[in-house]
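Just so we're aligned, residue 148 is where the sequence shown starts under our numbering, counting upward by one.
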Amino acid sequence: MAVYAALIEPFVEFGFMRRALVACLALSVGGGPVGVLLVLRRMSLVGDALSHAVLPGAAIGFMIAGLSM
Numbered sequence: 148m149a150v151y152a153a154l155i156e157p158f159v160e161f162g163f164m165r166r167a168l169v170a171c172l173a174l175s176v177g178g179g180p181v182g183v184l185l186v187l188r189r190m191s192l193v194g195d196a197l198s199h200a201v202l203p204g205a206a207i208g209f210m211i212a213g214l215s216m
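What follows is the structure, encoded as structure tokens:
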């Protein structure tokens, strides 16, 4: 029962936790193959540069739209 209360119940009870879980799953499905492709082509620093290039866009998006989803 303690495992259910700690790991599963928040996703059942709160809607924002379900949305966060879906977002994490989408990121893992999309980011995993890209990471494998970049490592196999010996271009892993491109992934690092890409992640740093996305950060200002995310910050500007939050400044424009705010925290409301």
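We put the CB at the ideal spot given by N, CA and C, even for glycine.
Assuming Leu185 and Val193 make a contact with CB atoms under 8 Å, what is their CB distance in whole Å?
-> By 1-based counting over the sequence shown, the position of residue 185 is 38. By 1-based counting over the sequence shown, the position of residue 193 is 46. Yes, they are in contact, since the Cβ atoms of Leu185 and Val193 sit about 6 Å apart, within 8 Å.
Close-in-space but distant-in-sequence residues of the same chain around Leu168 (CB under 8 Å, 5 per side omitted) = What you label residue 168 is simply residue 21 of the sequence shown in a count that begins at 1. Hits under 8 Å: Phe158.
Arg189 - DSSP class collapsed to helix/strand/coil = Along the sequence shown, one-based indexing puts residue 189 at 42. Three-state result, Arg189: coil.
Alpha carbon to alpha carbon, how far is Ile207 from Ile155?
-> By one-based count along the sequence shown, residue 207 stands at place 60. By one-based count along the sequence shown, residue 155 stands at place 8. Going from the Cα of Ile207 to the Cα of Ile155 covers about 34 Å.
Cβ shell of Pro180 (< 6 Å), same chain only, five flanking positions each side left out | Position 33 of the sequence shown, counted from the first residue, corresponds to residue 180. Once the five neighbours on either side are set aside, Pro180 has no close Cβ partner at all.
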